[in-house]
Structures are given as structure tokens and as C-alpha cells.
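A short write-up of the structure that comes next.
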Amino acid sequence: MKRTTGIKSTADRARPGHRRARARALFAVLVLLAATSASVAAAHDGPGRHGASGPLGVTAVTSKTPRSARVGALFGADKAGDLAGNHFCTASVVHSPRRNLVVTAAHCLSGDSGLVFVPGYRDGRAPYGVWTVERRFLPDDWSAHQDEDSDMAFAVVAPQGGKGVEDVVGANRFVTGASTGATTVTVTGYPDSLEVPISCTNRPQAHSGTQQRIDCPEFTGGTSGSPWINEHQEVVGVLGGHEAGGSTADTSYSVVLGAGAAELYKHASADP
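Just so you know, we're using the numbering used here here: the sequence shown kicks off at 51 and counts up by one.
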């Protein structure tokens, strides 16, 4: 299961010095790619091919923007006071009437241990607070037998100071029934080896009738649950599904969001 443990995580964690060196090297490459991408976008002076800004299929460190703050990292509740290096999955805020809902992969919410969500997480800091997961909503087919075609889920987070997480960072709309590849999407997530999020824009392709795929490099362990956000700021995919999101760093998967996802969203967003 690549996305929660990482493609080389066992070896890397056995050799902490090697893991830190790899993280530094990856961060340097991504910073360079971010600069290159920005230069290309400036040269284009507007939306690029297929409406995307900059080159497609290039992964870079995510810029700090109000919209990127809607994506965050998941941690065990016991790590709420010690965030650095302890995130294990990605989640993002989606609009709901009670303004308290995040979406991620179902395999990120399996189990009974307490969890917290940190939107806009970077370098051990929680600029928009640490939000406690109160309730989880997983598809019946996932709960029964971990059906990979049901690998997406929602979590309700507790309010803070009378405000929901959506009041603080905003939210993207959760959309079902979108045609795969109708627009480019931007995938944003938190690899285990980095303390900042990465993003990549490309056009998804159908893998099967129930799964879609996207080619973006360096989406390794920790990126499960990463939202696929289209040009209209709609979540049309969630990294997970086939092979728990993919067995290589360069190709990732998502469940096709259909009637089951719509029903689960309706149930979660109506939670009192």
C-alpha cells in the first residue's frame, strides 16, 4: 500500500540519514521545478495548454495561497503537539452546510485511533489550527471488504471558537459525475519525506469504468487522500483506489466519483 507507507519507506525509515538526504534532494529538485514552472507560466502570460498555467505533468512545491490552505495533512491525535515529520495522509476541505467536512481516502480513516487535520501544514507549523476529527464516514463496501472502488471517505472535524474549518480556510466543492479528463486537474498532497505540500497539474485518463489515473511524478507515501481539483475549484477525484493510489511514484489513481460518493457526501454533510 504505497500511499500511506511510501514506495521505499521501510528502507528509508531503517536508515534515517538516508531518508533525510533523500528528502533534501527531492526538495531541491522540486524548488527548481517550481521556479521553472513559474518562468514558463510567465512566458505564456496566461493559461497554458488545456487551460492549465505552466507545463503539464510537472511536480513542484505548492505555492502558499488561500486556495492551497484548503489542503492539509492528517496526523494521529497523539502527535497534535509534535507535528514535524509525523503526517501520514492528505485531506482537503470540501463545502458542506455545517462547514466542517474534509475528504480523503478511505484507507486513511480506517481504524479507531484518534486523528487531527492540519490545513495548510508546513514545516511543523499549523497556521490555521489543529482540527480534531470527530466522526468518519466510510462507504459500506470499504468497511465490509476494502473494495478499492470505494476508497474515498469523509471526516467531520470539531469546530473551534464557534467556527468550522471552512469558515477559516474556505472550501472546494465536491462534485460527482464529472467526465474523466474533461479538464485538467491539480493534485496536491504531502509526501512522507517532505514537510511541505507538492502539486502537479495534468489531464486524467480512464483506467477502468470505476477508476481514473493521472501521470505526475514524486507522489509517494503520504499523498493518499490528495484532492484532484479541476479548473472550476471542484474536487473530482481523491488519490486512492487502485493499488491504494498506485504502486509507483509517477502514476496515481482515484475512484471515479459516482452515485455512491454522492450518497456518502449527502450523509456526511447532513451530520448534526
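We treat Cβ as the ideally placed atom computed from N, Cα and C, and that holds for glycine.
In this text, all values refer to a predicted model and were calculated from it rather than measured experimentally.
Taking the C-alpha atoms as reference points, what is the distance between S146 and V237? Position 96 of the sequence shown, counted from the first residue, corresponds to residue 146. Position 187 of the sequence shown, counted from the first residue, corresponds to residue 237. Cα to Cα, S146 sits roughly 21 Å from V237.
To test your reading of the DSSP string, which unbroken beta strand (DSSP E) runs of 3 or more residues are found completely within the segment 242-278? 248-252 and 261-265
Could you have a look at E198 and say whether DSSP puts it in helix, strand or coil? Along the sequence shown, one-based indexing puts residue 198 at 148. Reduced to three states, the DSSP call for E198 is helix.
Identify the continuous alpha helix (DSSP H) that holds Y315 and give its terminal residues. The residue you call residue 315 lines up with position 265 of the sequence shown. Unbroken alpha helix (DSSP H) run through Y315: A309 to S319.
What does a CB cutoff of less than 7 Å around Y315 pick up in its chain, not counting 5 residues either side in sequence? The sequence position of residue 315 within the sequence shown is 265, counting from 1. Within the same chain, Y315 has close Cβ partners F204 and F224.
Where A119 falls: helix, strand or coil (DSSP): Residue mapping note: residue 119 aligns to position 69 of the sequence shown, counting from 1. The answer is helix: DSSP assigns A119 an H, G or I state.
Proximity below 7 Å, CB of T7 to CB of I248: Outside the shown range of the chain, which is 51 to 322, sits residue 7, and nothing can be said about it.
In its own chain, which residues sit with a C-beta less than 6 Å from the C-beta of S89, not counting the 5 before and 5 after it? Here residue 89 corresponds to residue number 39 of the sequence shown, with the count starting at 1. At S89 the pLDDT is 34, less than 50, meaning the model places this residue with poor confidence; the figure from the coordinates comes in the next sentence. Result list for S89: empty, nothing under 6 Å.
On the DSSP letters alone, give me the boundaries of the beta strand (DSSP E) that E284 sits inside. Translated into positions along the sequence shown, residue 284 becomes position 234. First-last of the beta strand (DSSP E) with E284: E284 to V288.
Does any heavy atom of the ligand GTP sit closer than 6 Å to the C-beta of A141? Among the components modelled here there is no ligand, and therefore nothing to report on the ligand GTP.
How about G290 and D201: do their beta carbons lie closer than 7 Å? Locating residue 290 in the sequence shown gives position 240, where the first residue counts as 1. Locating residue 201 in the sequence shown gives position 151, where the first residue counts as 1. Contact flag set, yes.
Using C-beta distances below 6 Å, list every residue in its chain close to P267, excluding the 5 sequence neighbours before and after it, in chain order. The residue given as residue 267 occupies position 217 in the sequence shown. Result list for P267: T109 and D300, in chain order.
Would you mind listing the alpha helix (DSSP H) stretches within the segment 137-182 that are 4+ residues and don't spill past its ends, in chain order? 156-159
So what does DSSP say about D232, is it helix, strand or coil? As a working mapping, residue 232 is identified with position 182 in the sequence shown. Rather than Asp, the amino acid found at residue 232 in this sequence is Ala. Three-state result, A232: coil.
H317 vs Y303 beta-carbon contact at 7 Å: In the sequence shown, counting from the first residue as 1, residue 317 sits at position 267. In the sequence shown, counting from the first residue as 1, residue 303 sits at position 253. Against a cut-off of 7 Å, the Cβ pair of Y303 and H317 comes out as no contact.
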